[in-house]
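Reading through the structure tokens given below for one structure.
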Amino acid sequence: MALSGNREQRKLTQTPLLKIWVPWVGCNLNRRRGSSVPQFCNSPTMIVMVGLPARGKTYISKKLTRYLNWIGVPTKSFNVGQYRREAVKIYKDFEFFNPENEEAMKIRKACASAALKDVAAYFSKEQGQAAVFDATNTTRERRAVILSYAKERGYKVFFVESICDDPEIIAENIKQVKLGSPDYVDRDEDEAMRDFSRRIDCYKSSYMPIDDEKDRNLSYIKIFNVGSRYLVNRVQDHIQSRIVYYLMNIHVTPRSIYLSRHGESELNLSGRIGGDSGLSPGGHKYAKGLATFIRSQNIKELKVWTSHMKRTIQTAEALGVPYEQWKALNEIDAGVCEELTYEEIQENLPEEFALRDQDKYRYRYPKGESYEDLVHRLEPVIMELERQENVLVICHQAVFRCLLAYFVNKPAAELPYLRCPLHTVLKLTPIAYGCKVESFFLNIEAVNTHRERPVNVDINRNPEEALQTVPDHI
Amino acid sequence: MEFRKRWTQGRRVRCHSTASVPQFTNSPTMIVMVGLPARGKTYISKKLTRYLNWIGVTTKVFNVGQYRRDATRSYNSFEFFRPDNEEAMKIRKSCAIAALKDVCDYFTRELGQVVVFDATNTTLERREVILGFAEENGYKVFFVESICDDLEIIAQNIKQVKLSSPDYKDCDKEEAVADFLKRIECYKMTYIPLDDNKDRNLSYIKIFNVGSRYLVNRVQDHIQSRIVYYLMNIHVTPRSIYLSRHGESELNLSGRIGGDSGLSPRGAKFASALGTYMRGQCISDLKVWTSHMKRTIQTAEALGVPYEQWKALNEIDAGVCEDMTYEEIQEHYPEEFALRDQDKYRYRYPKGESYEDLVQRLEPVIMELERQENVLVICHQAVMRCLLAYFLNKTAHELPYLKCPLHTVLKLTPVAYGCKVESVFLNVEAVNTHRDKPVNVDVDREPAEALETVPDHI
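Those protein sequences? They're chains A and B, same order as listed.
Letter 299 of the first sequence, counting from 1, is numbered 283 in the working numbering, and no numbers are missing.
Every position in the second sequence, counted from 1, becomes a number in the working numbering once 1012 is added.
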């Protein structure tokens, strides 16, 4: 692209919400330049799953979709089996999947086409950037259909093939997610197992894995036996590189992640945000309570992580075990509002206060951060949490909300309002396609630090309207 | 621990690293290269070592060929590498052993965390020796095998790095190429690649044809995962990276640090000149990156092309010292000012950042720079020092004192095992913002001693 000729300096203005400098071009601020990391997606990308039933395709699809959405890449998963269930309404038995069943084949093909159509609609009408096409896609013919569909429309295609021949893993998968499927809702367990095994056999006869020679120009990753080995071919761009990195770091070993805030701090007591104060007496009590709780959980090889801030470290100290400090776990930087109360923010910066209520996720404090910035800061923490097994993370309110949103798949609009009270431990245990959440309040009173979105978010609102939802403090 | 701004409970310090990210290496790790000559092993070894050191993992390369050159003094011909040359085989084996001994010393005495063992390691036997050595000592092993059958790539490699090797110092070019090809043949006879079945319990990555395909097996831990990610993002397509600071800013003129001011008149002139210079470079498909700060964006605006903003490229956060002059910092925070001079790389401003923090923040930028081709990065003094240190392999010690003057573009072009640097001053005057380390860094020094090296300003 040739650089254009002499350009007069366009005046820059800083957008009030996102605090980014943009040339003032009338009201044309549609192009999103707010996020802290450039959006590296140009063409939309189709991530196409490949593999026999019970190889973890839906597990990977959902997890990958969750991760991509969290890091800010709008992604949606399209499960062709779901289309089939809606088309056929009642599942009888494995014979539906017999390759000789012509009528069923017609229906299955139509479902795949319908799903592809919806993918196109997602990209063009909903501004999606990535779509995960979750189906077996085990024949070269089906994959050719998808490739040409994508080529016509200018979508990139990245295949994710899951190959597993370990009968134990497959049996475990079937137990965890298939027996509870709508297909087997009124079936006896053994009957369901038998039927599903025969279903897999129907696919096996026509299964052609991605071929290292014939498909050498395709972009793909092959995952062998739940990740002991990977084959990666022709990664085209940034997003595919990130997807590969993510897929290579996740595992399915059972474990739990414990999330907790630091104990109540001195600044918490006086209703001030940010800062780097120590624990209050109540906070110290919590730290001890946390130690007792953790010991009672009998966790093997627990890793403990804190931020660089005094209050999380003091909390960890009470546990009496080694812990690692992450600067990335520091609380959101409130910039000029550090150590102010909400009342003081309203008094000194009423417009900022209102803008924050208008879009709490994207709002950036002057000389500070936004929740959106926080998510990018936390991405390496999430990546390492995926690699690890049992971990206790002692962090802060906004950080906790970001991490929790990742694990329980909350969108950006809900994230900044997730309830993460002091003195409460959340135990997250991955199961099936999601995450079991257990909440443990350790019975030590603490102030409430949760401020709900007030009704009136207008810049011209009265101070009382702004301060309506501020929690009590000294 | 004052200057690193870390909370520690008196002497019961449970974590020893001041880094912003936990150090995830426990057992030392040996990265063992595997592959025929001219497959890029030394290129990968040096690049990987440079990257790991930059992100704070102390790493060293051990090139067995170098040991061989030291042992044999002069290279005669490819005959040295014939598998039936018993005397040579003895020498070669003892070189490998000597290198392994030095690896051990590096881990135990120099507290190294990672070693890159750069040799062909093409036989099962040699790899067994290494694995046995590692197991005895409790080191983890990760193999990196480079497999290439593209004759053009191999010829290009030979031209770029072999012809200038000490082995062929006094040789005619064609003679050297012929000899080297015969050398490769010697290795081919006994080359056994890592076997997908027999070696299924080893940890390794196989790189095919300079990265079109990778096979990754049994990644054991965090550092191996990072190594794999890095190796999968680098490429050898020729390109240039342009590093520049924003044009001179209003705060630069008054000798103040940080802040978010706009360009001075001279800064605007520079922006214009930068546009002219970049146009003159005639680059296809140039990407332009800036920070989120006004001064870099104003500079980019003058180019008249789309640019991407990275928050990670923002200048180092000087915390409570933002917008101050050095004189004011000396007046209000003399102790902080001295601590910074004592260890400028690790020193963290109160409520701010350190250079060490900056490096962690910039790691995704470096990763993306590796993926990209022609890029112009418009950034800030401390940021530019960090990026430059990565490309030129400068230590943490040197990094905070690298000279990155205003109105000067650095053009970096990867060449052979390193990076060619062209410095282009665009002929628009600007203040100097470089403050050298003063002689006296003691907390009790006189203000005059502290301010000795402060550059002039309004």
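Ideal placement from N, C-alpha and C gives every residue a C-beta, glycine not left out.
Interface residue (Cβ-Cβ distance to chain A less than 9 Å): residue 1274 of chain B is classified as such.
Of the candidates A:140, A:244 and A:226, A:140 places its Cα closest to the Cα of residue 201 of chain A. Between the region 347 to 361 of chain A and the region 208 to 225 of chain A, the count of Cβ pairs shorter than 8 Å is below three; the stretches do not touch. Using a Cβ-Cβ cut-off of 8 Å, residue 311 of chain A is close to 1032, 1033, 1369 and 1372 of chain B, given in chain order. When 7 Å is used as the limit between beta carbons, residue 1309 of chain B is near these residues of chain A: -4 and 5, in chain order.
Fewer than three pairs of CB atoms, one per stretch, sit closer than 8 Å, so the region 1090 to 1101 of chain B makes no contact with the region 1427 to 1442 of chain B. Neighbourhood of residue 1226 of chain B in chain A, by CB distance below 7 Å: 216, in chain order. Residue 289 of chain A belongs to the set of residues whose beta carbon lies under 9 Å from a beta carbon in chain B.
In this structure residue 1198 of chain B does not touch residue 1104 of chain B by the C-beta definition: roughly 11 Å separates them, more than the 8 Å allowed.
C-alpha of residue 1316 of chain B to C-alpha of residue 1308 of chain B: approximately 14 Å in a straight line. Taken through DSSP and simplified to helix, strand or coil, residue 95 of chain A comes out as helix.
In the three-state reduction of the DSSP assignment, residue 1410 of chain B falls in the coil class. Against residue 1254 of chain B, chain A offers no close residue; the least beta-carbon distance is about 13 Å (beta-carbon pairs closer than 7 Å).
For residue 1237 of chain B, the neighbours in chain A by C-beta distance under 7 Å run, in chain order, 232, 233 and 371. At a cut-off of 9 Å between C-beta atoms, residue 357 of chain A counts as an interface residue with respect to chain B.
Residue 1444 of chain B and residue 1375 of chain B have their C-alpha atoms roughly 28 Å apart. Annotation for residue 1122 of chain B: no residue places its beta carbon closer than 6 Å to its own, counting only its chain and skipping 5 residues before and after. Residue 1304 of chain B has a beta carbon lying within less than 9 Å of a beta carbon in chain A. A contact between stretches requires three or more CB pairs, one per stretch, nearer than 8 Å, and the region 1324 to 1337 of chain B fails this requirement with the region 1409 to 1419 of chain B. A Cβ of chain B is located within less than 9 Å of the beta carbon of residue 225 of chain A.
Look at residue 360 of chain A: its C-beta is under 9 Å from a C-beta on chain B. DSSP places residue 1120 of chain B in the uninterrupted alpha helix (DSSP H) bounded by 1098 to 1120. Note that the C-beta distance between residue 95 of chain A and residue 129 of chain A is not below 9 Å.
Judged by DSSP secondary structure, residue 1430 of chain B falls within the beta strand (DSSP E) whose first and last residues are 1430 to 1437. Of A:341, A:312, A:321 and A:391, the smallest CA-CA separation from residue 413 of chain A is found for A:391. Annotation: residue 1134 of chain B to residue 1206 of chain B spans about 9 Å, alpha carbon to alpha carbon.
Out of B:1364, B:1252, B:1462 and B:1253, the CA that lies nearest to the CA of residue 259 of chain A is found in B:1364. As summarised for the region 1245 to 1305 of chain B, the continuous alpha helix (DSSP H) elements at least 4 residues long and confined to that stretch are 1262 to 1265 and 1277 to 1292, given in chain order.
Non-local beta-carbon contacts of residue 361 of chain A in its own chain, meaning distances under 8 Å to residues more than five positions away in sequence, involve 312 and 353 in chain order.
The alpha-carbon separation between residue 446 of chain A and residue 170 of chain A amounts to approximately 58 Å.
Segment contact: the region 1393 to 1400 of chain B against the region 1319 to 1328 of chain B, three or more CB-CB distances shorter than 8 Å; contact assigned. DSSP, read as helix, strand or coil, puts residue 1217 of chain B in strand. In the pairwise beta carbon analysis, the region 240 to 253 of chain A is classified as not touching the region 1264 to 1276 of chain B: fewer than three pairs are separated by under 8 Å.
For residue 408 of chain A and residue 319 of chain A, the gap between their C-alpha atoms comes out near 27 Å. Counting the other Cβ atoms within 10 Å of the Cβ of residue 246 of chain A gives 16 or more, which makes it buried. For residue 135 of chain A, no beta strand (DSSP E) run applies; the uninterrupted alpha helix (DSSP H) run containing it begins and ends at 124 to 137, by DSSP.
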